[in-house]
Structure formats: structure tokens, C-alpha cells
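> This is the structure I have questions about; it appears just below.
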Amino acid sequence: MSGPYGLLRRYVDDGTVPGAVALVARGGRTGTVAAGTFGFGGGSLMRQDACSGSPRSPNR
Numbered sequence: 001m002s003g004p005y006g007l008l009r010r011y012v013d014d015g016t017v018p019g020a021v022a023l024v025a026r027g028g029r030t031g032t033v034a035a036g037t038f039g040f041g042g043g044s045l046m047r048q049d050a051c052s053g054s055p056r057s058p059n060r
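Take the sequence shown: its letter number 1 is residue 1 in my numbering, and every next letter is one higher.
Quick look at the structure:
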């Protein structure tokens, strides 16, 4: 894997973090990438809007 998802996935796979979200900007375009879960040992999948302040976000 390469690119932003591959980078996040490496940290999830080696146990550094349970999940992560990244904001990516290239060529005037922006997007989000998410990998992993909200907690070690499983749980809900990390969502791309996890750090957006959305009321649906479990960390709010």
C-alpha cells in the first residue's frame, strides 16, 4: 500500500494507534482518509468524519 491510506494502515497494523484520520490536500483538492477502529481491540470502524465535529462522531 502506498499513499496516505497506506501510511495510516501501517500505524494501525503495527499497533501504534487503533485508528487514524488524515486530511489530504493536493492540487487544490481536499479529501479525507480513514483506517482502523475507534479503540484497541476492535469496535466501530474509524470514519472519515471522525474529527469533523459532526454530532454523529463518537469522540464528541
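Idealized CB from N, CA, C, for every residue including glycine.
Please return the same chain residues whose Cβ sits closer than 6 Å to the Cβ of proline 18, not counting the five positions on each side in sequence.
So the qualifying residues of the chain are Gly36, Thr37, Gly39, Phe40.
> At the 8 Å Cβ level, is alanine 25 part of the contact set with chain C, yes or no?
Chain labels in this structure do not include chain C; a single protein chain is all it has.
> Keeping to the same chain, check which residues put their C-beta closer than 8 Å to that of glutamine 48; ignore five residues upstream and five downstream.
Cβ within range, chain order: Val21, Thr32, Val33, Ala34.
> Tyrosine 11 by DSSP, collapsed to three states: which one?
Residue state, collapsed to three classes: helix.
> Just grab the DSSP bridge partners of valine 17 for me.
Paired residue(s): none; valine 17 is not in a bridge.
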